[in-house]
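Q: If you read the protein sequences in the order shown, they are chains A and B. Under my numbering, the letters of the first sequence match residues 1 to 96, in that order. Under my numbering, the letters of the second sequence match residues 97 to 296, in that order. Each residue gets a CB set at the ideal place from its N, CA and C atoms; glycine is no exception. Quick caveat: nothing in here was measured; it's all calculated off a predicted structure.
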Amino acid sequence: MLAVIILFVLGFGVGFLIKKRIKSVKPIEKLTTAAIWILLFVLGVGVGANSLVMENLQKLGWWAFVVAFGAVAGSIAAMAIVQHFFFKKEDRQNER
Amino acid sequence: MKGSLIVLSIFLLGMLLAYVGVVPKALTDYDLSSVALYFLMFMVGVSIGADDHALSIIRSVNLKIVLVPIAVVLGTTVGSFLVALTVKGIDTRNVMAIGSGFGYYSLSSIFIGKYSGNEMGVVALLANMIREISTLMLAPIYVRYFGTLSPVAAAGATAMDTCLPIIVKYSGKEMAIAALFSGIALTILVPFLVVFILQL
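Next up, the structure:
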C-alpha cells in the first residue's frame, strides 16, 4: 500500500515537471485505460484460478452479491446526502 | 456504458481462461496485478501533476473532506445491517464485518476467514471483489444519477488505488483528492473495524 502512494507522488512530480513540454494529456489517459484493462484481466484470472471459489460459486456468490449490494447502496445514499448538504454549493461557486 | 462492457468482457475472459486452464501458470504465479496497479498509480499521478485545473483544486482542500469517509462508514454499516435483517442464512455479525471490508478484499477475507471459517472468508473475498469490480463498471452510471462523489462511496477503500483512475475519468480530476483521502482513511480503518465487529 505504501508503494502505491509513493508511486502516485512520484508520478505527480513527473507530471508537474513535464507539464510545459507536452501539448495534451490525452496520450497519458489512453495509457491509463490500457492499464485498467490489464488489471481487470488479471483480476479475472485470479478468480478463475481459485478452485475453492469456483466450486461454491453459486451459494457464496449470492450471499456476496447481496452483502455488496447493501454496503454499496448504503454508502451511495449516505454520500448523496453529504454531497447535497456540504459540497454542491461550493462546486457551483468554483465554476463561476 | 461501452467502456463498462469492454471492462466486463475483459474480466470474464480472464476468469474463463484461468478456469479452463489456458492461462499460463506464470500469469498467476507472478504478481502481475501489483505491477499493473503500480503502473496505473504512476500514470494517474502524472495526469494530475500535469493538469493545472486539478492542481488549483488540490490547493483549495478543506476540512469537509473528512465527511467523505465518515459517510462511507455510516452508509455501509446501515446498508449491511438492513441486508442482515432481510437475508436468512448468514448472521448479522459476519455480514457487518464483510461490509466493513470496504472493498479491501485481501485483508478483510483473511481476517474473516480466520475468525468465522473458510466459507465466510470466501464470501468476504467475493463481496469485496464485487464492490471493487462493480464500481469500476458502474461508475459512469453512479455519477449520472447519484452525483460525482457516489463512485468514491461505492469504491470504499479502493478509491485510493484500483478505482482511482475510473473515478478521475468519470467524476473529474477535482474528485481525486477526496477519493485518495477517503480510500486511505478506510484502508487504515479496515483491520480495526473488522476485528472490532467480529469480537462484539
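#1: Using the Cβ count rule (16 or more neighbours within 10 Å means buried), how would you classify ARG21(A)?
#2: Classify LYS172(B) as buried or exposed, calling it buried when 16 or more other Cβ atoms lie within 10 Å of its own Cβ.
#3: Three-state secondary structure (DSSP) at ASN224(B)?
#4: What residues of chain A sit near THR258(B), judged by a beta carbon separation below 8 Å?
#5: Put ASP257(B) into one of helix, strand or coil per three-state DSSP.
#6: Taking contact to mean at least 3 C-beta pairs separated by less than 8 Å, is the region 272-291 of chain B in contact with the region 242-261 of chain B?
#7: Locate the alpha helix (DSSP H) running through VAL164(B), then write down its first and last residues.
#8: Check each candidate in MET137(B), GLY197(B) and PRO261(B) and name the one with the smallest Cα separation from ILE293(B).
#9: Can you tell me whether TYR200(B) is helix, strand or coil according to DSSP?
#10: Is there contact between the region 100-120 of chain B and the region 44-52 of chain A, where contact requires at least three CB pairs shorter than 8 Å?
#11: Does any C-beta atom of chain B lie closer than 7 Å to the C-beta of SER24(A)?
#12: Considering only C-alpha positions, which residue in the set ALA250(B), SER143(B), PRO287(B) and ILE262(B) is nearest to GLY74(A)?
#13: Whose Cβ in chain E lies nearer than 7 Å to the Cβ of GLN83(A)?
#14: Look at the Cβ atom of VAL25(A), then the Cβ atom of ALA146(B), and state whether they are nearer than 7 Å.
#15: If LEU203(B) sits next to VAL286(B), beta carbons under 8 Å apart, how far is it from one beta carbon to the other, in whole angstroms?
#16: Quick one: list the residues of chain A neighbouring TYR238(B), beta-carbon separation under 7 Å, in chain order.
#17: Looking only at its chain, what residues have a beta carbon closer than 8 Å to the beta carbon of LEU119(B), apart from the 5 residues adjacent to it on each side?
#18: Would you verify that the beta carbon of ILE63(A) is, or is not, closer than 7 Å to some beta carbon of chain B?
#19: Return the Cβ separation of VAL67(A) and VAL248(B) in integer angstroms, given the expectation that the two are a contact with Cβ distance under 8 Å.
#20: Taking only three categories from DSSP, how would you classify ASP187(B)?
#21: Cα separation between LEU60(A) and VAL290(B)?
A: Short version:
#1: exposed
#2: It is Thr, not Lys, that sits at residue 172(B) in the sequence shown. Per the 10 Å Cβ criterion, buried.
#3: In the structure shown, ASN224(B) sits in a helix (DSSP, three-state: H, G or I).
#4: LEU39
#5: coil
#6: yes
#7: 163-182
#8: GLY197(B)
#9: coil
#10: With a cut-off of 8 Å, the region 44-52 of chain A and the region 100-120 of chain B count as touching, because enough Cβ pairs lie within range.
#11: no
#12: ALA250(B)
#13: No chain E appears in the structure shown, which is made up of the protein chains A and B.
#14: yes
#15: 6 Å
#16: ILE76
#17: At residue 119(B) the sequence reads Val, which differs from the Leu that was named. If we look at VAL119(B) and ignore the five residues flanking it on each side, its Cβ neighbours are GLY110 and LEU113.
#18: For clarity, residue 63(A) is Trp in the given sequence; the question names Ile instead. TRP63(A) counts as touching chain B.
#19: Not confirmed; about 20 Å, so no contact.
#20: coil
#21: 19 Å
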